[in-house]
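See below for the structure under consideration.
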Amino acid sequence: MARASRPATTLEAQERRFALTLLAPALAVLLLTTTAPLVYLAWNSLHRLDLGMPLQSDPTAVYGVRAFAGKVSKQDIMRKTPYNTYLIQGLPPGPIGNPGSDAIEAALAPASTGYLYFVAKKDGSHFFSATLEQHNRAVRKYLR
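If you count by numbering that gives the first Met the number 0, then the sequence shown holds residues 0 to 143, one letter each, in order.
This is the structure we're talking about:
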């Protein structure tokens, strides 16, 4: 096993692990509504956070307002709530669901991909994209 350049007990590493465990509840909600591999969703979310991008997670747009049924309206996305990751930077102020072990494992060990976007297709599968242009094409193809 290769030795890490810094000890795993540094404050930075501890903060990263803590942030990952905070992300697990959001991933658990996605697990209930998706067939996408959680390790891809975890990477997507963490990569966006690292880049300072909003998470733009559909379940957070309706959390506390109505039940998530897989579809989110423009009105949902524009609604100002402390949990709506379309409008806030970073993680919501608290969990939006109870994490399962799969979600926690994915948050702690995400797949490393170049994806920043994904769209849930009507058949329940997902299409992942690296660029906004690719994502917008996928939205037009799979959702309209």
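Glycine included, every Cβ here is placed at the ideal spot set by N, Cα and C.
All values reported here derive from a predicted model rather than from experimental measurement.
So what does residue i bridge to, in DSSP terms?
i      : result
Val118 : Phe126
Going along the chain, which residues of its own chain have a beta-carbon closer than 6 Å to the beta-carbon of residue i, five neighbours each way excluded?
i      : result
Ser116 : Correcting the residue identity first, residue 116 is Tyr in this sequence and not Ser. Once the five neighbours on either side are set aside, the close Cβ partners of Tyr116 are Ser128, His134.
Asp57  : Val71
Once the 5 residues before and after residue i are set aside, which same chain residues still bring their CB inside 7 Å of it?
i      : result
Tyr39  : Ala110, Thr112, Tyr114, Phe127
Tyr141 : Val118, Lys120, Lys121, Phe126
Ala137 : Val118, Phe126, Ser128
Between the alpha carbons of residue i and residue j, how many angstroms are there, rounded?
i     : j      : result
Lys70 : Asn43  : 20 Å
Gln88 : Gly51  : 7 Å
Asp75 : Leu54  : 15 Å
Leu86 : Leu131 : 18 Å
Arg78 : Ala108 : 32 Å
Asn97 : Ala66  : 15 Å
Asp49 : Leu90  : 12 Å
Are the Cβ atoms of residue i and residue j separated by less than 7 Å?
i      : j     : result
Asp101 : Leu45 : no
Taking CB distances under 7 Å as the criterion, tell me whether residue i reaches chain D.
i     : result
Ala66 : Annotation note: the requested chain D is absent from the structure, which comprises a single protein chain.
Say whether the stretch 77–91 touches the stretch 49–69, bearing in mind that this needs 3 or more beta-carbon pairs closer than 8 Å, one atom from each stretch. Flag = yes, the stretch 77–91 and the stretch 49–69 touch.
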